[in-house]
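S.K.: Numbering (my numbering), first residue to last: 971 to 1232.
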Ligand SMILES: C[S@@+](CC[C@H](N)C(=O)[O-])C[C@H]1O[C@@H](n2cnc3c(N)ncnc32)[C@H](O)[C@@H]1O
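#1: In three-state DSSP terms, what is residue 1135?
#2: Just checking residue 1199 against ligand 1 - is the residue's beta carbon closer than 7 Å to any of the ligand's heavy atoms?
#3: To the nearest angstrom, how far is the alpha carbon of residue 1199 from that of residue 1148?
#4: Less than 8 Å separating the beta-carbons of residue 1161 and residue 1104?
#5: Distance, Cα to Cα, residue 1011 vs residue 1166?
#6: Any contact of the region 1129–1138 with the region 1191–1198, i.e. 3+ C-beta pairs under 8 Å?
#7: Less than 8 Å between the CB atoms is what I'm expecting for residue 1070 and residue 1028, so what's the real figure, rounded?
#8: For the beta strand (DSSP E) containing residue 1173, name the first residue and the last one.
#9: Runs of 4 residues minimum, wholly inside the region 1016–1093: which ones carry the alpha helix (DSSP H) assignment?
#10: Within a Cβ cutoff of 6 Å, which residues of the same chain sit near residue 1048, ignoring the five residues on either side of it in sequence?
#11: For residue 1046, I'd like the list of residues in its chain whose CB is within less than 8 Å of its CB, leaving aside the five on either flank, ordered along the chain.
#12: Taking only three categories from DSSP, how would you classify residue 1214?
#13: When the Cα atoms are used, what is the spatial distance from residue 1207 to residue 1131?
#14: Helix, strand or coil: which one does DSSP assign to residue 987?
#15: Hey, quick one: how far does the alpha helix (DSSP H) through residue 1155 stretch, first residue to last?
#16: Kindly examine ligand 1 and report whether one of its heavy atoms sits closer than 7 Å to the Cβ of residue 1052.
#17: Does the beta carbon of residue 994 fall short of 7 Å from some heavy atom of ligand 1?
#18: Return the CA-CA distance between residue 1007 and residue 1035, expressed in angstroms with no decimal places.
#19: Going by DSSP, what residues sit across from residue 1119 in a beta bridge?
#20: Tell me which residue opens and which closes the alpha helix (DSSP H) that residue 1146 is part of.
#21: May I have the straight-line CA-CA distance separating residue 1001 from residue 1030, to the nearest angstrom?
#22: Would you say the beta carbon of residue 1148 is closer than 7 Å to some non-hydrogen atom of ligand 1?
#23: Based on Cα-Cα distance, which residue from 1129, 1221, 1123, 993 lies nearest to residue 1063?
#24: How many angstroms separate the CA atom of residue 1179 from the CA atom of residue 1043?
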């Protein structure tokens, strides 16, 4: 997929549609999932009182709010996103947030102790430019965490979608699968990071109510980008389901350290 298409997909999914679908998905992952992504990120980023955290592609801000809990007293978080709607949603949670692109973050060099970019890096049209900017913003020795879906994520959700609509996942979904482990690892080393590690975590989500699963499906880009996807098609499909609906998410978290010397 060309870099231009990545930017166009981000525009379609986030600039044109607003932050509410992303907020709904984030709520489900945080509330129904077995894996505490915010805590894992906070640990990986060595967050603690007095530290400054920058989050790129902060979306609706729920994850950032959880990570920010670790920073007081004395520290604070700043979120950045290309979508004004996401920035407003993050500010409504009482956090600092501004509209900015990952390749041009409006903070001084060596501002941050930690920088996160969660489920967002693959939308950027120039990976090297974004990672160089992350290196500029971080203090020497500062911690980076980049997360995204692993290649074997969401199998039950995609199977449900196929059965309900006859459609395969779109390019917008496929482009993210495995991107962190396949593309970001080498690129962060080029950008001035060391101690690079990638860990894959399982987040098992159990929907005890069929309708809560359908609301989740409706909030995914799968649904948004499939012309034949309707709520009724989902209802028909879910009526065959006995027992709770399970979705197994696999999340890759890359961590790295900004090299000490310039
Ligand atoms: C899937 S959401 C993830 C939100 C949040 N990090 C989370 O995990 O809940 C992706 C976010 O990245 C933002 N985004 C896409 N391209 C971006 C870019 N070039 N610079 C900054 N943000 C970007 C989108 O607007 C969207 O809010």
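Using N, Cα and C, we set each Cβ at its ideal position, and we do this for glycine too. What you are looking at is a predicted structure, and each value in this text was computed from that prediction instead of being measured.
M.R.: Put simply:
#1: Within the chain shown, the letter at position 165 stands for residue 1135. The answer is helix: DSSP assigns residue 1135 an H, G or I state.
#2: Along the chain shown, one-based indexing puts residue 1199 at 229. Not under cutoff, so the answer is no.
#3: Sequence index remark: in the chain shown, residue 1199 carries index 229 (1-based). Sequence index remark: in the chain shown, residue 1148 carries index 178 (1-based). So the two alpha carbons sit approximately 25 Å from each other.
#4: If you number the chain shown from 1, residue 1161 lands on position 191. If you number the chain shown from 1, residue 1104 lands on position 134. Yes, they are a contact pair.
#5: Here residue 1011 refers to the residue found at position 41 of the chain shown. Here residue 1166 refers to the residue found at position 196 of the chain shown. The straight-line gap from Cα to Cα measures roughly 15 Å.
#6: Proximity of the region 1129–1138 to the region 1191–1198 meets the contact definition, three or more beta-carbon pairs being nearer than 8 Å.
#7: Along the chain shown, one-based indexing puts residue 1070 at 100. Along the chain shown, one-based indexing puts residue 1028 at 58. No, residue 1070 and residue 1028 are not in contact; Cβ-Cβ is about 10 Å, not under 8 Å.
#8: As a position in the chain shown, residue 1173 is number 203, starting the count at 1. First-last of the beta strand (DSSP E) with residue 1173: 1163–1177.
#9: DSSP runs (the alpha helix (DSSP H)) wholly in the region 1016–1093: 1032–1038, 1054–1062.
#10: If you number the chain shown from 1, residue 1048 lands on position 78. A distance below 6 Å between beta-carbons, with the five flanking residues on each side excluded, links residue 1048 to the following residues of its chain, in chain order: 1024, 1066.
#11: Counting from one through the chain shown, the residue named residue 1046 turns up at place 76. Annotation for residue 1046: 1022, 1023, 1038, 1066 place their beta carbon closer than 8 Å to its own, counting only its chain and skipping 5 residues before and after.
#12: Walking along the chain shown from the start, residue 1214 turns up at place 244. Residue 1214: coil per DSSP, three-state reduction.
#13: On the chain shown, position 237 is the one that residue 1207 refers to. On the chain shown, position 161 is the one that residue 1131 refers to. Roughly 9 Å separates the two Cα atoms.
#14: Indexing the chain shown from 1 puts residue 987 at position 17. The answer is coil: DSSP assigns residue 987 none of H, G, I, E or B.
#15: As a first step, residue 1155 must be located in the chain shown, where it is residue number 185. 1155–1160 is the extent of the alpha helix (DSSP H) around residue 1155.
#16: In the chain shown, the residue the question calls residue 1052 occupies position 82. Yes, ligand 1 has a heavy atom inside 7 Å of this Cβ.
#17: For the purposes of this step, residue 994 is identified with residue 24 of the chain shown, where counting begins at 1. No, the Cβ of residue 994 stays beyond 7 Å of every heavy atom of ligand 1.
#18: Here residue 1007 corresponds to residue number 37 of the chain shown, with the count starting at 1. Here residue 1035 corresponds to residue number 65 of the chain shown, with the count starting at 1. If you take the alpha carbons of residue 1007 and residue 1035, they lie about 12 Å apart.
#19: Sequence index remark: in the chain shown, residue 1119 carries index 149 (1-based). Note: residue 1119 sits in a beta bridge opposite 1221.
#20: Locating residue 1146 in the chain shown gives position 176, where the first residue counts as 1. Careful: residue 1146 lies outside any alpha helix (DSSP H) and carries neither H nor E.
#21: Start at 1 with the first residue of the chain shown, and residue 1001 comes out as number 31. Start at 1 with the first residue of the chain shown, and residue 1030 comes out as number 60. For residue 1001 and residue 1030, the distance between alpha carbons rounds to 15 Å.
#22: Looking up residue 1148 in the chain shown gives position 178. Every heavy atom of ligand 1 is 7 Å or more from the Cβ of residue 1148, so no.
#23: Along the chain shown, read from residue 1 onward, the residue named residue 1063 stands at position 93. Distances from the CA of residue 1063 to each of 1129, 1221, 1123, 993 were compared; the closest alpha carbon is that of 993.
#24: In the chain shown, the residue the question calls residue 1179 occupies position 209. In the chain shown, the residue the question calls residue 1043 occupies position 73. Distance between the alpha carbons of residue 1179 and residue 1043 is about 40 Å.
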